[in-house]
Every structure is written in structure tokens, then in C-alpha cells.
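Since the structure comes first, as C-alpha cells, the remarks are kept for the end.
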């Protein structure tokens, strides 16, 4: 599919970007300068010497197009300096055990208070961390059961699956055991000499192979299917045993025994790609048969309160658990009950009542993880703290955003300063103060285009101001489907035997409140089918060297162009190959391992962070060296590479709204929304494809959403099917077809409550989505 960047617009807010308007004076209730966070000369990333005053004990929303500098100002400057100053209050001994933090590039920051960052960083994939442990709700449950559970089994530690006293001995508190599929290890139709072992590193004549073949326990010429039961046991499961063969003494282990040691004791992310692929294929985790996945030993499971064990309570939907805890009446544990009730009620209030306490933290979305962290602060006795949020509405239906807004205001009303990076109009509207950055992204951004109240923003003429009251009109005439993709009897998670037809060749939006079953329906039923491409926000596997140029394949035509212009080998222009700086191995940074302290990165002194050898940097392509090209944002690179495959890739990156992204920017620095759009860009050449997009408006400014809608239309018009899991009303209004799930979350959801066109939903729908879409389109 050929793409060219289009300046066509869907609404008035997408007019060409102009020079930034001078900032309006901040309208605050501040009595003096001590009631203002004063920022002077901030230059972090693309900020252009920004100076502004932010009112304390107010709710301030920072907005602007993607890449305009919002996060650079809020997170990398204000919050970073607050944390650095707090760390400096510790003794030098304690600081030695803390990550080293440099001062942000800013002339001055005054009147800072302690900053608490509540971002979208996914919780670690530690399988011992759950919603219950992350919120302390499980700790409170353990205290409760240790005090009033019957029969009594001991202190709170006896109910912890992370302690020896409480964990199931079979699975060691993980709830799962590893099972190895033997047929993924061997081909039973072959002998050892014919290559029967298919495990990486066990090829014929390799060291591991020789130990097995020369063990004398079985004939290496005989096919595995002909082994006796005893030989088969020795071949697979014999424990480490010393065996003498000729003059050598070897340690023999059965194949399964050795595979367990080599693969199950390592973190899969640290394995080489071939080994990781094998482990994913051959090693499966199944529920522990002894504890039935509860992680706890028999004694902990035997202790009951009103007929329920702590495992039963952890498995309940949080809204149901809250009701159960309210039914417990025992004055001896009154304070524990009160704190637990408050914690559970906060989880329900924040829109997470559909989760359970035994849900692993690593399975939460970025938005869910942020809201779980938020719960820890709602009941805090701290005041005059600065809370910093990164798009707290991510993953929330408009109905849930109302509740989120109430929580942000509650934090403010406790005399805290609340700073929110946000694009959703619903949250911008409740702000006491708005700071708009721009006017564009990357080098075209980094300015304060407006600071003041909402009314002033509307009249400011900035891109955000023009977008505030715009609406995407309902698609009155829907495109006709070319067929249907059937889903029958879906029961994943909370789905209730759902059957629905997804139309082909059109834009379908799947919506519903958070936890209603949208992702379960689409990912659980369609992902993996032939011709289906999933572009989600999950992390992109790669090393520190990975960047948009390597991930998209752009580096290949770039290297070829440099090689042709200079009549040298293309490999010279790869920081992963012969052209790499020998000191930093082409990373541009030197990582120093300080033992128990955090790893410290510093710019490579040899190459100055440019990643290449000096002789490589001497080669030029139209006046630029390879390091300078990789430092270009996509927009600039597109003007530099005007033809060929490089131009095609750059056009796709621009079409998905990543024009501000640097070609050599590490993938680890990308947000979830940026990762999703990057994945979409590499698949855009395929027509006749079904694309699944999971909340693609994440991180997008109101004007950027217009460009996303144009892209979706272009994909559909080229013969593709686009299925979008989304809450944004602009995307719903623009759809050809809507599938609405609900009516609530968790066990109150899991049903299709509406299918039809957006116009039908607005005219006849009775769901929460219908109510909010009516209000958005002005038909309510």
C-alpha cells in the first residue's frame, strides 16, 4: 500500500501549525510566589528555555500534541528535580545504594514539594506480585485471618504465599508448575546418531550430545521409539550421575533433567532468541495440582471466616470481596476491617472492582497499573504533596473517566498539587489551570503556547484551543461489509458464551466500560487467526541497541545509500557490526555495574555518544554522516530520503503519527501508544488484512486523533478490515459498526449489549456508551 502524508483534515482543529502565541498570564489564587512552582529556563529534551509559574494546591493539566514536550517538562524536569533533591537529604552512605540522578537541564526551580509519580509503567512481571500484594489488601487479609479465622493456624506469615510458612511446597507459592513436552525435545522416530534430540545445543557431536551418546546407558544407533522403559527413564529423567567412559569420567543427566536446569532456572528474557523460542515452545506452565493454583499450603487453605478461606477471598471479584468484608462484624479486629474496607472501596471507586486480589500484577495494563498505584495514595495522611499523573484516563470508558476525575479533585482538595499530563477533554475541563505546549512536536515544539484557565484556552487560538469544542460527526452512511468474521461461544475470562459477527471490510469499534470483556472477546477469539495482524501496546522485544530504524527495517536502505555514495561496505554503517565504536560496542553509552547499586550509564567518551568509529563518521551522504542521520526525526528524514524503500517506510511512520520520533531513539523510551503505532507502521504494506488495534488513541492529542481516523479510513479503503478496541467517542462516531459490551465490568459484564451503526446506537441505544455518545454528538 503506497502512502503519502496528507494535509487533509477532518475538523477545524487540524489547521496548519503557526508560531506559538505568547503565554497568557496564569490565573491562579496564589497569594504570593511561595504558592507557585517557578520554572525558569527549562531545556530538557526539546524544551526551548521554558519559563512558567504553576499554582500549588491546584489541579494543573498539561496538554499539547504528542512529542510537544509535556513529559519533558512535568516528569523529566519538575518531578525529576524533586526526587533528586529528596535523595540528597539522605546520608552519603544511603545515597551509595540509590540510583545516581543528574540535575535536569534547567536554570532554576523554586518552591518544589515532594513529588509522587503515578505513571503508566507496567508493574514488573514478577509472578509473586499480585493486585493484593501491590495494594497491601492481601496483608490486611492475612492479619484478619490470623486473628479471627478458624481453625487458627498461626501468625499472618502463615497465610503468605511468598513465605515458607504459607506457601504450597509443590509450586513454592507460584500457583503453577512447569511441565515439559517431551515431543518438543526429541523425534522418537530417529536415533541419537540421526539427530533425535531437537533441543538447541544438543546437535550431533556437540558436547551435550557426546555425554549422552557415550554414557553406555543406551545404544546411540537405536531409534528412541525402541528404547525399553528403563532406558527411556534413564534417557529422560536420570538425576546427575558420575559415569566413567574409557579414561574419562562424565556427569550424566537425563534430557528432561538437564533441560529443566538449563531453561527453567533462567529468566526467559535473558536467553538468546533461539533458546527463548525453544523454551516458549517446550515448557508450559500449568496449574499446581496440589494447591489448585491458590499458591497456599493446606493449613492456610483450611482456615475459614464465615465459610471462606483466604484463597477464596483473593479469588473473588473485588466488588464482591468488599461486600463480604462489610458483612464481617467483630470488634476485636475493627481497625483492620475499617482499613481493608477503605482499600477495597477505593479499588471499586477507581474502576477496578472487576479485578481480583490474586490477579498477577504483570498482567495489568498500563492504565490499570497506574490506578492500582493511585489507590495507595487516596487514604494517605500526607498533604502538600505534588502528585504527577501520566494520562490517568488511559483504558477508561467515558463513564469511568467521571469517577477518575472525582479522585483527582479529592487529591487536590487535600491541599495537594496535582499535575496531570492528559489529552482527554473530560479531564481538561476540570482543571484549575491549563498549560499547553507546542505548537508542534519534536523540534517544532518545546514552547509554552498558553497558560491560564479553560476559558482563556478556548480563546487562545492554539491548536488545543481550537480542538476543545470540536466534534467528529456521526457516520450517517456506513460502508457495507464484504462478509463477516464469526465469533461463536466465547467464554474467555468473564465472557458469557458470546456469539457475534464482526463485519469484514469496514471499521468496527468494540467498546464498553473497563473490564467489560472487550479485549477478552477480540484477542481471545481473533488473535492468531490467519490474516489477522495485532498492533497493541505491549513491549517490543529488543536490546539497548534497538531503535525505530532497526525495528522497521529502515536502517537497511540507509546503510545501502551510505555504502553506495562512499563505495564501501554497508556493514560499516551498522552500530551492531564492524562500524561500531569499540569502547561502547555501538551503544553510545557505557554501563557500569556497581554491584548491589543501580547500574549507571554515562556517555561514551570515545565516540561522544555517536556510536560509530571516527573513520565511519567521516563518510558522508549529502553532507550528513550516519550518526547525524540517525539523530533525525522522521519528518526531517523524510525530506532527506525522497525516493526508494527508505521513503516508503518513512511515509508509513509519518502516517501513523510518529513524525517527531528520532530514527535512533531507543525503543525502551517509547510509550505504549508509540509502540503500537510503530507496530502498525511495519504491517501497513499488506492489503486484505484484518488489523486489530487496542486503544490506538492512547497518547494522542485531539488533533492527532483526526490523523488516526484518516489512517483507519485509508486502511479500510484499501481493502482491509480494521477492528478497534476503543473508548474515544470520536472513534466511535467515525465507525461503520459498533459492538458494545457490558452492561458492567467483571461478572456484571461479558455480554454484547448492542451491535449496530453509531447512528443506531445514538438513536435507540440504552447502554452507558449510548448515553455518552449522545452527549458527545449533541443529540442527548
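In the UniProt record's numbering, the protein residues as written are 1 to 780. Here a beta-carbon is modelled for each residue, glycine too, at the ideal position from N, C-alpha and C.
Test item: CB-CB of residue i and residue j under 8 Å
| i | j | result |
| --- | --- | --- |
| residue 297 | residue 169 | yes |
| residue 447 | residue 48 | yes |
| residue 698 | residue 733 | no |
| residue 512 | residue 740 | yes |
| residue 67 | residue 51 | no |
| residue 277 | residue 185 | no |
| residue 259 | residue 199 | yes |
| residue 782 | residue 131 | Lying before the first or after the last residue shown, residue 782 is absent from the chain, which here runs from 1 to 780. |
| residue 435 | residue 77 | no |
| residue 362 | residue 127 | yes |
| residue 317 | residue 747 | yes |
| residue 700 | residue 552 | no |
| residue 182 | residue 264 | no |
Pick from the options that is closest to residue i, judged by C-alpha positions
| i | options | result |
| --- | --- | --- |
| residue 659 | 669, 674 and 668 | 674 |
| residue 585 | 108, 567, 613 and 720 | 613 |
| residue 377 | 365, 403, 399 and 346 | 346 |
| residue 694 | 465, 366 and 760 | 366 |
| residue 533 | 691, 202 and 502 | 691 |
| residue 350 | 761, 139, 610 and 399 | 399 |
| residue 573 | 555, 334, 477 and 668 | 555 |
| residue 208 | 222, 251 and 247 | 251 |
| residue 444 | 71, 126, 635 and 135 | 635 |
| residue 579 | 384, 368, 604 and 611 | 611 |
| residue 142 | 756, 155 and 218 | 155 |
| residue 176 | 291, 63, 163 and 191 | 291 |
| residue 661 | 547, 771, 603 and 591 | 547 |
| residue 315 | 307, 338 and 359 | 359 |
| residue 425 | 408, 413, 470 and 332 | 470 |
| residue 775 | 473, 679 and 529 | 473 |
| residue 379 | 36, 397 and 344 | 344 |
| residue 58 | 224, 135, 146 and 417 | 417 |
| residue 606 | 581, 617 and 630 | 581 |
| residue 133 | 202, 171 and 340 | 340 |
Counterpart residues of residue i in DSSP-defined beta bridges
| i | result |
| --- | --- |
| residue 755 | 739 |
| residue 776 | Its beta-bridge partners do not exist; DSSP assigns none. |
| residue 451 | 435 |
| residue 360 | 130 |
| residue 486 | 501 |
| residue 248 | 245 |
| residue 167 | 296 |
| residue 55 | 36 |
Inter-residue spacing [alpha-carbon to alpha-carbon] between residue i and residue j
| i | j | result |
| --- | --- | --- |
| residue 101 | residue 38 | 21 Å |
| residue 550 | residue 588 | 16 Å |
| residue 244 | residue 137 | 57 Å |
| residue 210 | residue 216 | 11 Å |
| residue 288 | residue 187 | 28 Å |
| residue 769 | residue 284 | 39 Å |
| residue 563 | residue 650 | 20 Å |
| residue 3 | residue 689 | Residue placement at residue 3 cannot be trusted, given a pLDDT of 44 that sits under 50; the coordinates are not used to answer. |
| residue 323 | residue 745 | 16 Å |
| residue 520 | residue 750 | 9 Å |
| residue 22 | residue 475 | Low per-residue confidence applies at residue 22: pLDDT is 45, beneath 50, and the placement is therefore not dependable enough to give any value. |
| residue 558 | residue 682 | 16 Å |
| residue 536 | residue 679 | 8 Å |
| residue 193 | residue 233 | 19 Å |
| residue 24 | residue 62 | Low confidence applies here, because residue 24 scores a pLDDT of 43, under 50, leaving its location unreliable; read the following figure in that light. If you take the alpha carbons of residue 24 and residue 62, they lie about 15 Å apart. |
Nonlocal neighbours in the same chain, by C-beta distance under 8 Å from residue i, ignoring five residues either side
| i | result |
| --- | --- |
| residue 75 | 117, 119, 388, 390 and 421 |
| residue 103 | 81 and 84 |
| residue 773 | 729, 732, 733, 758, 761, 762 and 765 |
| residue 459 | 465 |
| residue 603 | 588, 589, 590 and 609 |
Cutoff 7 Å; reference residue i; Cβ partners in own chain excluding five residues on either side
| i | result |
| --- | --- |
| residue 26 | For residue 26, the predicted model reports a pLDDT of 42, less than 50, meaning its position is unreliable and no value from the coordinates is stated. |
| residue 405 | 426, 427 and 430 |
Own chain, CB closer than 6 Å to residue i, minus 5 neighbours either side, in chain order
| i | result |
| --- | --- |
| residue 319 | 348 and 353 |
| residue 69 | 46, 47, 437, 445 and 446 |
| residue 793 | Here the chain covers residues 1 to 780 and nothing more, so residue 793 does not appear. |
| residue 401 | 393 and 426 |
| residue 384 | 113 and 415 |
| residue 371 | 350 and 352 |
| residue 490 | 498, 521 and 525 |
| residue 779 | 762 |
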